[in-house]
Every structure is written in structure tokens, then in C-alpha cells.
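Visitor:
Numbering (this note's numbering), first residue to last: 17 to 212.
This is how it looks when you write it as C-alpha cells:
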């Protein structure tokens with residue numbers, strides 16, 4: 017068996033190390049979150065402050081949309097914010113006590129981003145949007161319409177910010193033909209799809 021000269025072996029080892037480092041930089045970070053995702057009540061967040069063991073924990077976003085975290089002088093409104101917006105607020109509040117801190121926030125469980133599909137579908141129920149779903153995708157998640165479904169009379173019920181409920185019509189037959197595609201809206205947390 018012939019051995020590789022030491023300089024050549026060292027050069028190959030260095031090349032492998034550098035290639036591995038470059039590949040690691042290009043790969044998405046574990047737990048990376050869509051920066052546009054808005055946190056919802058029911059979501060579970062991992063919050064940690066570098067070099068501070070007592071400030072590393074998982075927190076549940078409460079039904080009122082707030083979270084509690086040590087040294088932040090009260091609750092923090094998390095629902096409706098992006099991960100980056102929440103991280104900035106936590107850092108700002110903790111900066112009184114910890115100079116030059118580095119904090120991370122990630123969504124570990126998306127439980128609050130739910131839609132409901134009811135009526136004449138094969139699998140009615142509650143579905144978690146991970147992270148965004150349109151009407152056609154939601155109908156697919158619910159197993160499609162039954163033989164008795166009135167697919168051209170589907171309604172999407174949505175609550176507005178002031179609590180008022182609005183109903184939008186969805187005609188499945190039009191959308192599958194490529195017509196009136198604007199009906200195939202992106203759903204929001206809490207939307208209800210009714211298939212009569």
C-alpha cells in the first residue's frame with residue numbers, strides 16, 4: 017500500500033475543511049423561520065440570551081398574544097409580530113440589565129396558525145397552516161369535497177381586526193378552469209372554510 021506524501025495529505029485535508037465550512041455557510045440554519053411569519057397565540061417560542069443560562073427558555077404565546085420573560089419589566093406583546101420584531105424588543109428591554117447582549121428568538125411550534133374546514137369535505141377539521149396556505153390547498157388538506165358538496169358555493173368566513181365577520185364566495189369550478197383566480201386567496205389564522 018502506497019502512502020500519500022505528507023504535504024499533499026495536509027493540502028487535501030485543508031481543502032476538505034474549507035469546503036465543509038463553505039457548505040455549512042450556504043446551508044439554511046436549523047430552526048430558521050420565515051422573517052415574514054407573524055407569531056400567533058398558541059405558538060411556542062425558544063428565546064435565549066447568549067452567555068446567560070437563566071435567560072434560555074421555551075415560552076408559549078398566551079391567548080391574549082403576550083409572553084412573559086425574565087427581566088423584561090412586564091409582558092411583551094408577541095402575536096402579530098415577526099420573530100425579528102420580537103427579538104429587537106426583547107433586546108431593548110434587557111439592555112438595561114445586560115450590556116452588549118445577543119438574543120435569539122425562534123418559533124419551535126406553530127400551533128396558533130389554524131384554519132377550519134367544515135361541511136361537505138372528506139376530512140373536516142382544524143388544520144395548522146405551516147406557514148401559508150391558500151383556499152385550494154386547504155381544501156386538499158381536508159381531503160377534497162364529498163360527492164354531495166356544492167363546490168361552487170363555498171364560503172370563507174374571516175374576522176376583521178375589529179371583530180366583524182365577513183364572508184367571501186369561492187367557486188371551485190371557476191378556479192380549476194383557471195378563471196377568477198383571485199378567489200384563491202391566502203388564508204389567515206382563524207379563517208373558516210364552509211363547504212355546503
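Glycine included, each C-beta is placed from N, C-alpha and C at the ideal position.
Report the option in 168, 184 and 177 whose CA atom is closest to the CA atom of residue 190.
Guide: Of 168, 184 and 177, the residue nearest in Cα terms is 168.
Visitor: Just to confirm the assignment, what range does the alpha helix (DSSP H) spanning residue 180 have?
Guide: Run containing residue 180: none; DSSP gives neither H nor E here.
Visitor: So within the region 96-159, which uninterrupted beta strand (DSSP E) runs reach at least 3 residues, ignoring any that extend past its ends?
Guide: You should have 119-125, 130-135 and 141-144.
Visitor: Assuming contact is defined by CB atoms lying nearer than 9 Å, are residue 126 and residue 151 in contact in what I supplied?
Guide: Not in contact: residue 126 and residue 151 (Cβ atoms no closer than 9 Å).
Visitor: In terms of residue numbering, what span does the beta strand (DSSP E) encompassing residue 210 cover?
Guide: Here the beta strand (DSSP E) through residue 210 covers 208-211.
Visitor: State the Cα-Cα distance for the pair residue 109 and residue 89, rounded to the nearest angstrom.
Guide: Computed Cα separation, rounded: 7 Å.
Visitor: So, is residue 56 buried or exposed, given that buried needs 16 or more other C-beta atoms within 10 angstroms?
Guide: It is buried - the Cβ of residue 56 has at least 16 other Cβ atoms within 10 Å.
Visitor: Ends of the beta strand (DSSP E) at residue 190?
Guide: Careful: residue 190 lies outside any beta strand (DSSP E), inside the alpha helix (DSSP H) at 188-192.
Visitor: Run the CB neighbour count on residue 91, radius 10 Å, all protein chains shown included, and call it buried at 16 or more, exposed below.
Guide: Exposed.
Visitor: With a cut-off of 8 Å on the beta carbons, I'd call residue 174 and residue 184 a contact; round off their distance for me.
Guide: The pair is a contact, with the Cβ atoms about 7 Å apart (cut-off 8 Å).
Visitor: With the cut-off set at 9 Å, would you say residue 170 and residue 144 are in Cβ contact?
Guide: No, they are not a contact pair.
Visitor: When you compare the region 104-124 with the region 59-73, are there three or more beta-carbon pairs, one atom per stretch, that lie closer than 8 Å?
Guide: Yes: at least three Cβ pairs fall under 8 Å.
Visitor: Is residue 70 helix, strand or coil by DSSP?
Guide: Correct three-state label for residue 70: strand.
Visitor: Counting along the chain, where does the beta strand (DSSP E) carrying residue 62 start and finish?
Guide: Unbroken beta strand (DSSP E) run through residue 62: 60-65.
Visitor: In this structure, does DSSP put residue 87 in helix, strand or coil?
Guide: The answer is coil: DSSP assigns residue 87 none of H, G, I, E or B.
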